[in-house]
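Working notes, beginning with the structure itself.
Number of protein chains: 2
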Amino acid sequence: MNLPPLVQSFVLHFGEMGRSWGINRTVGQIYALLYVSPEPLNADQIVDALGVSRSNVSMGLRELQTWNLVLLRHIPDDRRDHFTTPDDVWQILRVLAEERKKREVDPTLSVLRELLMQKPATAEERHAQARMAEMHGLIEQLTTWYDDVKRLETERLAALLALGAKVTKLMEVKDRVIALARPRRKENV
Amino acid sequence: MNLPPLVQSFVLHFGEMGRSWGINRTVGQIYALLYVSPEPLNADQIVDALGVSRSNVSMGLRELQTWNLVLLRHIPDDRRDHFTTPDDVWQILRVLAEERKKREVDPTLSVLRELLMQKPATAEERHAQARMAEMHGLIEQLTTWYDDVKRLETERLAALLALGAKVTKLMEVKDRVIALARPRRKENV
DNA sequence: CTGTGATTTCAGTAATTCCTGAAATCTTGA
DNA sequence: TCAAGATTTCAGGAATTACTGAAATCACAG
Chain A
1195 MNLPPLVQSF
1205 VLHFGEMGRS
1215 WGINRTVGQI
1225 YALLYVSPEP
1235 LNADQIVDAL
1245 GVSRSNVSMG
1255 LRELQTWNLV
1265 LLRHIPDDRR
1275 DHFTTPDDVW
1285 QILRVLAEER
1295 KKREVDPTLS
1305 VLRELLMQKP
1315 ATAEERHAQA
1325 RMAEMHGLIE
1335 QLTTWYDDVK
1345 RLETERLAAL
1355 LALGAKVTKL
1365 MEVKDRVIAL
1375 ARPRRKENV
Chain B
1195 MNLPPLVQSF
1205 VLHFGEMGRS
1215 WGINRTVGQI
1225 YALLYVSPEP
1235 LNADQIVDAL
1245 GVSRSNVSMG
1255 LRELQTWNLV
1265 LLRHIPDDRR
1275 DHFTTPDDVW
1285 QILRVLAEER
1295 KKREVDPTLS
1305 VLRELLMQKP
1315 ATAEERHAQA
1325 RMAEMHGLIE
1335 QLTTWYDDVK
1345 RLETERLAAL
1355 LALGAKVTKL
1365 MEVKDRVIAL
1375 ARPRRKENV
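Protein chains in written order, with our numbering: chain A, 1195 to 1383; chain B, 1195 to 1383.
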């Protein structure tokens, strides 16, 4: 591996971290390298930088493309493909969230739905199904929220984050205002 | 494996899913089994249910305990340890979020901080550092939000989720009210 | 203490995943 | 159409991770 020390540390860290992210070392390293690189890189440059085989880089880039984490750039008068990452980190976050949901959450949701349709044959199965229903309910709430929030422009999303838990204060205020506006019923929202 | 069909499907799914979650098949299966089981189970019952070796179960339970995903229950007049999962799914979610943050986010944050302290030697390193700063900023915003929100009681958290993107509407209203209250300055928040 | 049963450890093996070099395929300029 | 360069595929070996059975350790009732 032949990289400036700062970049190398970053790349190595991402390589190791890849483990807990479900991608292999090389894929993690390629991503990190492209992320910090000032220019798009072609496959051979990645080979040189990381010291892994050409074919490994090819497979790694492929995987990153299926994750939509990498962009293809054409450089004039150069036949080779060059790669970058999107440069807006919020955009990267969105893509990452979407892909992880697709891989980690959606399949589970669909299995749960399927199992919840079946008729339990025993008390044990009935209990199991009740537990699955709880899990299903939670996941559905989370994904509904996510689908809702992911549409926000970055500006608003950031504002929402900045507000954090203080949002609940806002909700209380809203409830009070509404209560004032129509004071006849007690339980209104 | 010797389980009612409904439970078996669920357990098998979690075993497979474990891959993309950084845990191995057995660990995923043990967790799923405990999650749907009406009673706490001891290690031998898990062995029977899943058809894996006793030592594998022992290691799996160990890992689940380091994740804080499993509870130890003592059954009167029984020397063997029995295991369950917390039964509140929201609680499970909290634990999961906390653990994943600890494993997947915190190490990266600390590496980034460290690298950002160093002096860049070249233009390339300067650019890399700028990119790292962007990433660091985003992660910090997210974790600040998370630290804030995780303290909410389940009630409020659920209300917040239900509101979803509509929160921004609320924020607009707030801004308008404030603008009305002090109309002299334009850019106020 | 001691004996019984429960649990963990660990070395070896099985299974899986990763990576490579060689060959095949694709792409494009001449 | 061909040749040169670029990229991908893939079989096999390397590295890593998962799992097992046997032995060690632990916990506690008698």
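Backbone N, C-alpha and C fix where the C-beta goes; we use that ideal spot for every residue, glycine too.
Every value quoted in this text rests on a predicted model; they were computed, and no experiment measured them.
Of the listed residues the options, nearest to residue i (C-alpha basis)
i, options, result
"B:Arg1325", "B:Glu1292, B:Glu1349, B:Ile1269, B:Leu1310", "B:Leu1310"
"A:Arg1307", "B:Lys1368, B:His1207, B:Glu1319, B:Pro1198", "B:His1207"
"B:Thr1337", "A:Met1329, A:Leu1357, A:Leu1336, A:Arg1320", "A:Leu1357"
"B:Glu1328", "A:Val1230, A:Ala1237, A:Arg1297", "A:Val1230"
"A:Asp1300", "A:Pro1314, A:Arg1273, A:Glu1334, A:Pro1280", "A:Glu1334"
"B:Thr1348", "B:Arg1288, B:Leu1266, B:Val1305, B:Arg1213", "B:Arg1288"
"A:Met1253", "A:Gln1239, A:Pro1270, A:Asn1218", "A:Asn1218"
"B:Val1264", "B:Asp1272, B:Val1305, B:Gln1312, B:Gly1222", "B:Gly1222"
Range of the contiguous alpha helix (DSSP H) that encloses residue i
i, result
"A:His1276", "It is not in any alpha helix (DSSP H) - A:His1276 instead sits in the beta strand (DSSP E) that spans 1276-1278."
"A:Leu1310", "1300-1311"
"A:Val1343", "1317-1343"
"A:Ser1252", "1248-1260"
"A:Gly1222", "1219-1230"
"A:Lys1363", "1361-1375"
"B:Met1211", "1199-1215"
"B:Glu1347", "Premise fails: B:Glu1347 is in no alpha helix (DSSP H) and is neither H nor E."
"B:Arg1294", "1283-1294"
Contact check, residue i vs residue j, beta carbons under 9 Å
i, j, result
"B:Glu1233", "B:His1268", "no"
"A:Ala1322", "B:Leu1346", "no"
"B:Thr1220", "B:Asn1250", "yes"
"B:Leu1354", "A:Met1211", "no"
"B:Lys1295", "B:Tyr1340", "yes"
"A:Ala1391", "A:Leu1255", "Coverage of chain A is limited to positions 1195 through 1383, which leaves residue 1391 of chain A absent and any answer about it impossible."
"A:Asn1262", "A:Glu1293", "yes"
"A:Ala1291", "A:Lys1344", "yes"
"B:His1330", "B:Leu1351", "no"
"B:Pro1198", "A:Glu1318", "yes"
"B:Lys1368", "A:Val1241", "no"
Anticipated Cβ contact below 8 Å, residue i with residue j, distance rounded
i, j, result
"A:Ile1286", "A:Leu1258", "That pair is no contact at about 12 Å."
"B:Leu1228", "B:Thr1260", "With a Cβ gap of about 15 Å, B:Leu1228 and B:Thr1260 do not count as contacting."
"B:Trp1284", "A:Leu1332", "7 Å"
"B:Pro1314", "A:Leu1235", "Actually they are not in contact, since the Cβ atoms of B:Pro1314 and A:Leu1235 sit about 19 Å apart, beyond 8 Å."
"A:Val1205", "A:Ala1226", "4 Å"
"B:Val1361", "A:Val1361", "6 Å"
Residue i - partner residues in DSSP beta bridges
i, result
"A:Leu1265", "A:Thr1278"
"A:Asn1236", "A:His1276"
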